[in-house]
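Q:
Residue numbers (UniProt numbering): 1 to 284.
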C-alpha cells in the first residue's frame, strides 16, 4: 500500500465511522440544518479533545504526525470496536499496533489435525481460507451447500470474488448483502494488517472496476476479525436453511481462518443437510 493509498483509506474509514454515529448516541443535541448523516467533524474533534483543524486534516488524509494517545481519543470518540481500532492504528501509524510485518507469499498447508476437524464437522459446512480469503480447504457439507470447490482452478477459489461472480452464491443467500458484509469486514481486517502487500490494492481495484456492488459495500468500511452472523439460505435442492456463521483464527505459522456454518438449533437445517448428502452419495 503506497503512502497516498494508505492516507486515502484512512480518510474513507474515518468518514464512514463518523457518519455511522448519531448525535443523540454521542450525547449531543440534534440541532437543525444538519446536512450530513452522523456527526460533524467539529463534533468528533470536540469529543476527542483535539482541535477541529487537526482532525479535519487527519480526515482529509493529509500526511501529518499522529500519536497513539491521540488516536486512542479518536477511537473513543468514534466508538470503534477493537478490530476497528487496530485498523485505525495500522493506517495512521505505518508501524502501529496491529500491523504485522509483510511476509513473502508461501503456500498455505492444512495440517493433518485441521483436516481431521474438517472431516468430523459432517453437518457443519466448513471452509478454511488464507489471509487473502483464498479457499484452501473445505468439507463435504460445504461442497453441497455452496458449490464443489474442487471443480474450480486454485486461483478461482477466492471467497470475495466468488460472492460477486458466481450466481450460486447470490441465489443462495436470502440476506446476501449481510453475507457479503461479514466476509468484507474480515477482508478489511487483513487489509489493514498486511498493508505492505500490494496484492490487496490490486485486487480491490479490480473488484471495484468489475462489480459496482462491491464498490458500494466496500466503502462502508466495516472491520471485524470474527463476525458472528445468522444466515438464511434458499438452497436449490434443500430449500430454506438457517446457519450461524462462526469465524475462528487458526493459530500457527500460516494465517488461516476456519469459517463454520452451524445449523440453527430450532430449525430442520441439519436434517435437510443430512438428507442432501445422503441422496448425493446414493446417486453416485
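Don't be surprised by glycine CBs; every beta carbon is placed ideally from N, CA and C.
Identify the continuous alpha helix (DSSP H) that holds residue 192 and give its terminal residues.
A: 176-193
Q: Please confirm whether residue 75 and residue 85 have their CB atoms less than 8 Å apart.
A: yes
Q: Could you give the DSSP three-state label for residue 208: helix, strand or coil?
A: Here residue 208 sits in helix by DSSP.
Q: Alpha carbon to alpha carbon, how far is residue 226 from residue 280?
A: Cα atoms of residue 226 and residue 280: separation of roughly 32 Å, rounded to the nearest angstrom.
Q: Here's a check: name, in chain order, each residue in its chain whose Cβ is nearer than 8 Å to the Cβ of residue 8, leaving out the five neighbours to either side.
A: 61
Q: Helix, strand or coil, according to DSSP, for residue 76 in the structure here?
A: helix
Q: Using C-beta distances below 7 Å, list every residue in its chain close to residue 70, excluding the 5 sequence neighbours before and after it, in chain order.
A: 50
Q: How about residue 186 and residue 221: do their beta carbons lie closer than 8 Å?
A: no
Q: With a threshold of 8 Å, are at least 3 pairs of Cβ atoms found where one atom belongs to the stretch 212-221 and the other to the stretch 194-201?
A: no
Q: If I follow the unbroken alpha helix (DSSP H) through residue 59, where does it start and stop?
A: 52-59
Q: Indicate the three-state DSSP secondary structure (helix, strand or coil) for residue 101 in the structure shown.
A: Below a pLDDT of 50, predicted positions are generally treated as unreliable, and residue 101, at 45, falls in that range; the measurement from the model is reported next regardless. DSSP places residue 101 in coil when its eight states are reduced to three.
Q: Does the beta-carbon distance from residue 39 to residue 91 come in below 8 Å?
A: no
Q: Residue 131: buried (16+ other C-beta within 10 angstroms of its C-beta) or exposed?
A: buried
Q: Helix, strand or coil for residue 16, going by three-state DSSP, please let me know.
A: helix
Q: Assign residue 259 to buried or exposed, taking buried as 16 or more other Cβ atoms, counted over all protein chains shown, within 10 Å of its Cβ.
A: buried
Q: Within 10 angstroms of its Cβ, does residue 193 collect 16 or more other Cβ (buried), or is it exposed?
A: buried
Q: Compute the distance between the beta-carbons of residue 264 and residue 248, then report whether it is under 8 Å.
A: Between residue 264 and residue 248, the gap from beta carbon to beta carbon reaches 8 Å or more.
Q: Could you pull out every residue in the same chain whose Cβ sits closer than 6 Å to the Cβ of residue 23, ignoring the five residues on either side in sequence?
A: Excluding sequence neighbours, residue 23 sits near 30.
Q: Could you tell me which uninterrupted beta strand (DSSP E) segments, each at least 3 residues in length, are contained entirely in the stretch 219-282, listed from first to last along the chain?
A: 229-235, 239-250 and 256-263
Q: Compute the beta-carbon to beta-carbon distance between residue 58 and residue 43, rounded to the nearest angstrom, for a pair I have assumed lies under 8 Å.
A: So it is not a contact: roughly 14 Å between Cβ atoms.
Q: Where do the ends of the alpha helix (DSSP H) carrying residue 113 lie?
A: Secondary structure note for residue 113: its alpha helix (DSSP H) is the uninterrupted segment 112-120.
Q: Return the residue from the list 21, 83, 65 and 64 that minimises the CA-CA distance to residue 77.
A: Relative to residue 77, the option among 21, 83, 65 and 64 whose CA is nearest is 21.
Q: Rounded to the nearest angstrom, what separates residue 231 and residue 118 at their Cα positions?
A: 20 Å
Q: Could you confirm whether any beta carbon from chain D is found closer than 8 Å to the beta carbon of residue 175?
A: This model lacks chain D altogether; it includes just one protein chain.
Q: Report the rounded CA-to-CA distance for residue 219 versus residue 208, giving the unit in angstroms.
A: Annotation: residue 219 to residue 208 spans about 10 Å, alpha carbon to alpha carbon.
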